[in-house]
Amino acid sequence: MAKRYLLLLAERPLGQEDLEAISGELKARALRASVIQVDANPMAVIVKTDQRGAMALRERAPSAGPPLRAVLSSGSIGKLKSRAKAAVATVDGQVPK
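Counting from 0, one number per residue, gives the positions in the sequence shown under numbering that gives the first Met the number 0.
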């Protein structure tokens, strides 16, 4: 199973019961997925799934709990991480040798 990650944002902070409702709906839709809460942002949740699950979630986000929308996918998250590493690698605008 190739791992795919989706960042979902809610309109309000997510509680434990919201996370359980989202997990329950994903299980009912027969998607292999796990829900990871983002500590830094209570309105965000990361869903770890496979390619089929990622496509299904992009087409139709879970309706359990508050309204959610898919913001970033695995590819976008990887690009952000590489840009962040490149930004840290520069010192005063100079690339270290």
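For glycine and all other residues, C-beta sits at the position ideal for the given N, C-alpha and C.
For clarity, every value in this text was computed on a predicted model and none was experimentally measured.
Put simply, of 49, 19 and 40 the residue whose alpha carbon is nearest the alpha carbon of residue 30 is 49. If you compare the alpha carbons of 66, 67 and 61 with that of residue 27, the shortest gap goes to 61. If you check the CB distance, residue 24 and residue 63 come in under 9 Å.
Ranked by how close their Cα comes to the Cα of residue 33, the residues 2, 58, 42 and 69 have 2 in first place. Its Cα nearest to that of residue 38, the residue 15 stands out among 15, 51, 21 and 59.
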